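Q:
Protein chains: 2
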Amino acid sequence: MSEKADILIVGGSAAGIAAAISSRRYYPESKIVVIRKNEKVMIPCGIPYIFGTLGEIDKNLIPDVVLTGKNIDLIIDEVTTIDKENKNVETLQGKKFEYDKLILATGSLPLEPPIPGCDLENAYVVKKEAPYLKKMQDSLNQAHDVVIIGGGFIGLEFADECKKKGIKNVTVVELLPKCLLLACDEEICNRVENKLKEKHIEIINNRRVQAITGNGKVQAVELDNGDKIKADVVIAGIGVNPNVELAEKTGLKCDTKMGVKVDEFMRTSHKDIFAVGDCSEKKCHLSGLPSNIRLASIATSEARTAAGNLFGLRRRNTCAIGIFCTMIGDLGVGSAGMTERTARDMGLDIVTGEFVKANRHPGCIPGAEEIGVKLIFERDTMVLIGGQVFGGTSVGEIINFIGALLQHKTRAYEIATFQVGTHPMLTASPIAYQIVNAAENAMTSNHS
Amino acid sequence: MSEKADILIVGGSAAGIAAAISSRRYYPESKIVVIRKNEKVMIPCGIPYIFGTLGEIDKNLIPDVVLTGKNIDLIIDEVTTIDKENKNVETLQGKKFEYDKLILATGSLPLEPPIPGCDLENAYVVKKEAPYLKKMQDSLNQAHDVVIIGGGFIGLEFADECKKKGIKNVTVVELLPKCLLLACDEEICNRVENKLKEKHIEIINNRRVQAITGNGKVQAVELDNGDKIKADVVIAGIGVNPNVELAEKTGLKCDTKMGVKVDEFMRTSHKDIFAVGDCSEKKCHLSGLPSNIRLASIATSEARTAAGNLFGLRRRNTCAIGIFCTMIGDLGVGSAGMTERTARDMGLDIVTGEFVKANRHPGCIPGAEEIGVKLIFERDTMVLIGGQVFGGTSVGEIINFIGALLQHKTRAYEIATFQVGTHPMLTASPIAYQIVNAAENAMTSNHS
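Each protein sequence line maps, in turn, to chains U and V. Just so we're aligned, residue 163 is where the first sequence starts under the numbering used here, counting upward by one. Just so we're aligned, residue 163 is where the second sequence starts under the numbering used here, counting upward by one.
1. Apart from the five residues on each side of it in sequence, which residues of its chain come closer than 8 Å, Cβ to Cβ, to V/Ser610?
2. Along the alpha helix (DSSP H) that carries U/Arg198, what are the first and last residues, could you check?
3. Assuming the contact rule is C-beta atoms closer than 8 Å, V/Arg476 and V/Ile512 should be a hit. Round their C-beta distance to whole Å, please.
4. Distance cutoff 7 Å, beta carbons only. Does V/Lys221 sit that close to anything in chain U?
5. Indicate the three-state DSSP secondary structure (helix, strand or coil) for U/Ala600 in the structure shown.
6. Are the C-beta of U/Ser556 and some C-beta of chain V separated by less than 7 Å?
7. For U/Ile561 versus U/Val551, is the C-beta distance shorter than 7 Å?
8. Any idea what DSSP makes of U/Leu318, helix, strand or coil?
9. Using DSSP's beta-bridge definition, name the partner residues of V/Asp245.
10. Of the residues that make up the region 472-486 of chain V, which ones have a beta carbon closer than 7 Å to any beta carbon in chain U?
11. With a cut-off of 7 Å, does the C-beta of U/Met587 fall near any C-beta of chain V?
12. With DSSP as the reference, label V/Met204 as helix, strand or coil.
13. Under the rule that 16 or more other beta-carbon atoms within 10 Å means buried, what is V/Leu451, buried or exposed?
14. Using only the alpha-carbon positions, how far apart do V/Leu159 and U/Ile197 sit?
15. Given that V/Thr584 touches chain U, what residues does it touch there, using C-beta distances under 8 Å?
16. If you draw a straight line from the C-alpha of U/Leu408 to the C-alpha of U/Ile244, how long is it?
17. I need the straight-line Cα distance from V/Ala469 to U/Gln581, nearest angstrom please.
18. Should V/Pro524 and U/Ile205 be called a contact, given that it needs their Cβ atoms to be closer than 7 Å?
19. Give me the chain U residues within the contact set of V/Cys526, using Cβ-Cβ distance strictly less than 8 Å, ordered along the chain.
20. Which residues bound the alpha helix (DSSP H) around V/Ser497?
21. Going by DSSP, what residues sit across from V/Thr375 in a beta bridge?
22. Tell me which same chain residues have a C-beta within less than 7 Å of the C-beta of V/Asp239, skipping the five on either side of it?
23. For U/Val251, collect the residues of the same chain with a Cβ closer than 6 Å to its Cβ; drop the 5 residues on either side in sequence, then sort them by chain order.
24. Under 7 Å between the Cβ atoms of V/Thr555 and U/Leu385?
25. Would a check of beta-carbon distances place U/Phe615 closer than 7 Å to chain V?
26. Compile a chain-ordered list of the residues in the region 180-201 of chain U whose CB is closer than 8 Å to at least one CB of chain V.
27. To the nearest whole angstrom, what separates the beta carbons of U/Ile400 and U/Leu271, a pair I think is in contact under 8 Å?
28. Run through DSSP, which three-state label would V/Ala167 get?
29. Looking at V/Ile169: is its Cβ nearer than 7 Å to the Cβ of V/Ser185?
30. Quick one: which residues of the region 502-525 of chain V get their C-beta closer than 9 Å to a C-beta of chain U? List them in chain order.
31. By alpha-carbon positions, which one of U/Ala182, U/Cys207, U/Asn222 ends up nearest to U/Gly231?
32. Quick one: is V/Thr268 near chain U, going by C-beta distance under 7 Å?
33. Write down every uninterrupted run of the beta strand (DSSP E) in the region 425-465 of chain V whose length is 3 residues or greater and which is fully enclosed by it, in chain order.
34. My output table needs one value for V/Gln255: the three-state DSSP class, helix, strand or coil.
35. From this set, V/Ile490, V/Ile483, V/Leu510, V/Ala505, which residue's C-alpha is nearest V/Ala498's C-alpha?
Structure (structure tokens):
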């Protein structure tokens, strides 16, 4: 006997959960089933924080009640086959579920560096599975020398947390001239690197790791200039690949590197199957080009779009915008859309505007910190195509404000006369509000 | 001999300064002169914080270097007459300035309650003048019983600061059923009132002060039900009137209650004179109706609009949106646009959506606080017309994010699929981001 779900969701991380919650809001009476492989679900961007700030894997879980509390059935099992013509799935545990609509949210898999030694004990990539992370935690508990391959957000967060944990030597090896250079322009990367150095984290730029070496266990990494760095744990945070295995097996159109093919309503090549999150292909909101960016912010947006479209098309996917933020020590950094560097490399004619000021007014108010905003506009249209921010904890919301302006293709003159609420204890002054002033600086520099 | 300014700005508070800075950006070669009455300029919204947090008036000044550092001439003097036909002004100190374009930024004057006793010693309104505030500070330094008339933002901030200062009995008297009720809906007002009560601030709602009594000095206030409250200092924060005296004398079209008449380019009835900030008349962005809202956020936006238009029209005023935020104790509160109550009172058919969640994820991360968002949409169009937020210090930037969505007349379905950057240490999770979920809740409640 098989169970029948109106909506069946395969995968239970950020995209799967957001799809389920939105589906419940839209279809209060439907039977909604989520099937996921892992016993426990990690908060994906919380993983680095397990090792220092949180101290325990179990503190970084998405509680099942976000589903079960909304009358969504949660099954711990693995879907092995989808029969798309007869609209049913089979699982590893031999169960069968029929469905009316299916949402694939199978996520991504961490890339392993294409070098020897990745199979040594204490060489890790960043998987989202609790037992794997437990092993990693045990290794880090005894580590003195940690090498992190990749100076992107995850790599730097791991480095910061390893230091918080008290690990003596932490080294980040980054292929590009600066850490974070895919997300931020050089001046902001410099601020981040300075903060890492303050915390005695070693940064090696412009270098590729050629091998992880050791006798059974990790002992060192070897760089492309022949240098060797002592290591008892290596963590590679160099990106992910979409997990398209099940989709391919089902006969859905896929690109192994870019993901499951979807239309702007998030439908796959089969009309009753949608694909959302890290497993689906993306286009860049700003260039229209295929993009391999993978973020929970994009995943959950796609999930909500798919949920709205299940039984009648209502929402269009707005394509992927990279909106990131992080905290390195007490320095918050955020980026949205294109950097100045990416834009120029693409050949865009651009204008930038910057503004730095305290996040309180007067600046002598207790708790005041400097916040800086940089905005990037296309010269002819003065449409916003990117923004970056550094400062204290409010950068998380400031970058979302900038993200909203990007999604609206807002023009500099609109931003320059935006009305913004300000308060001595909460923001810069109305005269010196960073986003507004950065826009006006960009406008008037273009004008003269 | 008279001096000649290309741009002459009368008034040097938020609007005047923003107008001067924007003018300098637009016209790098112009001679720009600001004439202001006061020796020192207060940060207007910082005034309550002088008395507790800052401790000194001189810590709450806008430094003159924001002007002089940009090669803007600053004159401490008072413009007494404007000859608009011959384009010159005369000052109290007998100086004369010719101008090409003039910007009036004469601000507002605090309303005095229309009751007996306002002339008693230790009865204050909230003026922006340093010597007056010094006197107020001296009175508060010896006060045991302070009564504040008006439970709006300024009144409550004063109450909070008086407590921080250690004043024993602080009472707020508010005419409406709740404090902050013009800016927030009742459930948020309740949170604020509870926070005030936690701090042992007495709140008396639904009551009008009938008289301030005392023998030369304040001794009590009398309420409309006959109750008397002991007081050695009374502070009234009940609103402001535009300061149109100079504009009226100049023969510009004015409404004494609503301000100097301006077109959408911020021009007065004379083409070479602009008026911005608290002294100029306003229309509500959402209803199109005349509005007597007066905020620095509106003032600086108008100032930037006027500056852009001085020598050729380029920018239109987008009309006033109330975007407020404040901090009462450790509770941040923000509001933008219409409240549910105002909208219903106006006869609008609306839908609301709410969402409350921690501002970190997982919620057990150190420093996590609850943040709640309420959004208000017109039912038929699902256009956003208002939003409110409560929580920690990030409410200041969250309300600006909501303010930007308002200014763009954003629809619920767009907000529900917005991509928002999230980070464990900085925001709610992508699944539980408050603004997005509040929008989806509003949509789906309208849908079913």
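Glycine included, each C-beta is placed from N, C-alpha and C at the ideal position. Since this is a predicted model, take the numbers as computed values, not measurements.
A: On the basis of the coordinates in this document:
1. Confidence is the limiting factor: at V/Ser610 the pLDDT is only 47, short of 50, which leaves the residue's position unreliable and the question unanswerable from this model.
2. No alpha helix (DSSP H) contains U/Arg198, which is instead part of the beta strand (DSSP E) from 194-198.
3. That belief does not hold up - the Cβ atoms of V/Arg476 and V/Ile512 are roughly 35 Å apart, past 8 Å.
4. yes
5. helix
6. yes
7. The answer is yes: Cβ separation under 7 Å.
8. U/Leu318 falls in the helix class under three-state DSSP.
9. The partner list for V/Asp245 (beta bridge, DSSP) reads V/Asn250.
10. Arg477, Thr480, Ile483, Ile485, Phe486
11. Yes, contact with chain V.
12. strand
13. exposed
14. Since the first residue shown for chain V is 163 and the last is 610, residue 159 of chain V is missing from the structure and cannot be characterised.
15. Cys207, Ala458, Ser459, Cys487, Gly558
16. 8 Å
17. 15 Å
18. yes
19. Leu216, Lys221
20. Per DSSP, V/Ser497 belongs to no alpha helix (DSSP H); it is in the beta strand (DSSP E), 493-499.
21. V/Ala382
22. Ile197, Thr253, Leu254, Gln255, Lys257
23. Same-chain partners within the cutoff: Val241, Ile244, Phe259.
24. Between V/Thr555 and U/Leu385, the gap from beta carbon to beta carbon reaches 7 Å or more.
25. What the structure shows of chain U is the stretch from 163 to 610, and residue 615 of chain U is not part of that stretch, so it cannot be assessed.
26. For the region 180-201 of chain U, the set of positions with a beta-carbon nearer than 8 Å to some beta-carbon of chain V reads Ala180, Ile183, Ser184, Arg187, Tyr188, Pro190 in chain order.
27. Actually they are not in contact, since the Cβ atoms of U/Ile400 and U/Leu271 sit about 12 Å apart, beyond 8 Å.
28. strand
29. yes
30. Asn521, His523, Pro524
31. U/Ala182
32. no
33. 435-437
34. coil
35. V/Ile483
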